[in-house]
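Numbering-wise (my numbering), the sequence shown opens with residue 8 and increments by one. What follows is a short report on a single structure.
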Amino acid sequence: MKHWQIDQLPWDEFDPARVDPQLVPAIKAAAVVERNSVDYAIYLNNVFHDDPDFKQAADHWAVEEIQHGDALGRWAMLADPEWDYQAAFQRYRDFYHIPLEVDQSVRGSRTGELIARCMVETGTSSFYSALADATEEPVLKALCKQIAADEFRHFKLFYDHMHRYLKRERISTLQRARIALGRVTESEDDELASAYYTTNEPPSLPYDHNRCIAAYMSRAMKNYQPRHLRRVTSMVFKTIGLTPHSKVQDLAFFVTEKLFFSRQRKFARMAGVS
């Protein structure tokens with residue numbers, strides 16, 4: 008069962024005066040990425056084809072992720088009444104594809120796949136936590152709190168299954184770190200750039216990865232505060248098997264914070280977003 012329903016959100020409290028217009032394009036892009044989890048469920052079912060417990064968990068995960076997309080899409084249409092969520096999602100589906108005809112993980116092992124999923128949930132839980140803290144629009148705040156809570160639970164889901172497979176595959180801490188950090192760097196790949204392009208730019212404008220990823224990232228990253236990044240480093244450490252809340256994590260947080268905000272400023276300059 009879902010932990011909440013879209014109609015339970017306080018839609019009648021929507022306040023257009025409190026909408027940050029710079030944030031709306033990022034919400035539109037996030038909506039179609041969340042909604043596209045149906046494809047990731049197919050991929051995960053193929054990779055874990057002989058694990059009925061995980062397949063059931065992945066299917067339930069996808070249902071909740073799809074709800075995230077539909078709720079974000081509904082909010083974005085309130086913020087921009089001329090925008091069509093369903094049409095934008097179909098355009099995204101036509102434009103961007105993930106490989107579905109597979110029977111093993113692109114990460115090299117099932118443990119690796121689950122590590123990568125933990126990193127995705129680390130990123131989304133921090134993103135929606137940051138949005139919930141940053142926005143003054145009451146419906147978006149309530150929605151982002153609900154989504155963030157789901158994403159933290161999803162992290163635990165993949166983390167628990169990761170440990171189940173880790174007992175069999177025995178991937179070293181160094182290998183786990185490489186997979187985790189590799190997945191983090193993929194946040195700047197075509198998935199998010201394509202989502203920004205297909206939800207915010209006209210088809211007549213040729214797709215440019217650098218322009219679109221800068222436009223998305225500059226808007227998404229500006230909402231983070233140091234406490235969000237500290238939690239990110241804790242979750243990464245937990246995933247790769249290092250002790251969180253340690254001096255080593257303090258050092259990692261220091262480096263992460265410097266790199267993150269430097270990257271955000273670079274994207275903002277590229278996109279011309281203040």
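For every residue, glycine included, the Cβ atom is placed at its ideal position computed from N, Cα and C. The model shown is predicted, which means the values in this text are computed figures rather than measured ones.
By the neighbour-count criterion, in which 16 or more other beta carbons inside 10 Å mark a residue as buried, Pro32 falls on the buried side. Distance between Arg234 and Ser241, taken at the CA atoms: about 11 Å. For a cut-off of 8 Å, the C-beta gap from Asp197 to Tyr103 is around 7 Å, short enough to register as a contact. Taken in chain order, the complete beta strand (DSSP E) segments of 3 or more residues contained in the segment 61-88 number zero; there are none. Note on Phe96: 16 or more other CB atoms within 10 angstroms of its CB, so buried under the neighbour-count rule. The straight-line gap separating the alpha-carbon atoms of Arg25 and Leu147 is approximately 10 Å. Of the other Cβ atoms in all chains shown, 16 or more fall within 10 Å of the Cβ of Glu72; this residue is therefore buried.
Taking every protein chain shown into account, the CB of Leu236 has 16 or more other CB atoms within 10 angstroms, so this residue is buried. In this structure, Ala38 sits near Asp77, with a CB-CB distance shorter than 9 Å. Assigned with DSSP and collapsed to three states, Phe96 falls in helix.
Nearest Cα to Asn217 within the set Lys229, Tyr231, Ala202, Asn230: Ala202.
Between the segment 112-120 and the segment 165-173 there are three or more C-beta pairs closer than 8 Å, enough to call the two in contact. Measuring C-alpha to C-alpha distances from Ile247 to each of Asp215, Arg272, Arg185, Asp140 identifies Arg185 as the nearest. Around Glu158, the same chain offers Glu128, Thr131, Ser132, Tyr135 as residues with beta carbons nearer than 7 Å, after the five sequence neighbours per side are excluded. For Arg276, the enclosing alpha helix (DSSP H) stretches over residues 254-278. Taking a 10 Å sphere around the C-beta of Ala187, we find 16 or more other C-beta atoms and assign the residue as buried. In summary, Gln271 is buried, with 16 or more beta-carbon neighbours lying within 10 Å of its beta-carbon over all protein chains present. Residue ranges of uninterrupted alpha helix (DSSP H) with 4 or more members, entirely inside the segment 22-60 and ordered along the chain, are 31-42, 44-54.
With contacts defined as CB atoms closer than 9 Å, Thr180 and Leu258 fail to qualify as a contacting pair. Look at Leu199 here: in three-state DSSP terms it is helix.
In this structure, the CA atom of Cys151 is about 18 Å from the CA atom of Ser44. By the neighbour-count criterion, in which 16 or more other beta carbons inside 10 Å mark a residue as buried, Ser112 falls on the buried side. The DSSP-derived three-state label of Leu236 is helix. Residues of the same chain with a CB within less than 7 Å of the CB of Asp22, apart from the 5 flanking positions on each side, are Glu144, Pro145 in chain order. When only Cα atoms are considered, Ser225 and Ser269 end up about 11 Å apart. A straight-line Cα-Cα distance of about 11 Å links Gln12 and Ile154. For Arg114, there is no enclosing alpha helix (DSSP H), as DSSP marks it with neither H nor E. Around the CB of Glu41, 16 or more other CB atoms lie within 10 Å, so the residue is classed as buried.
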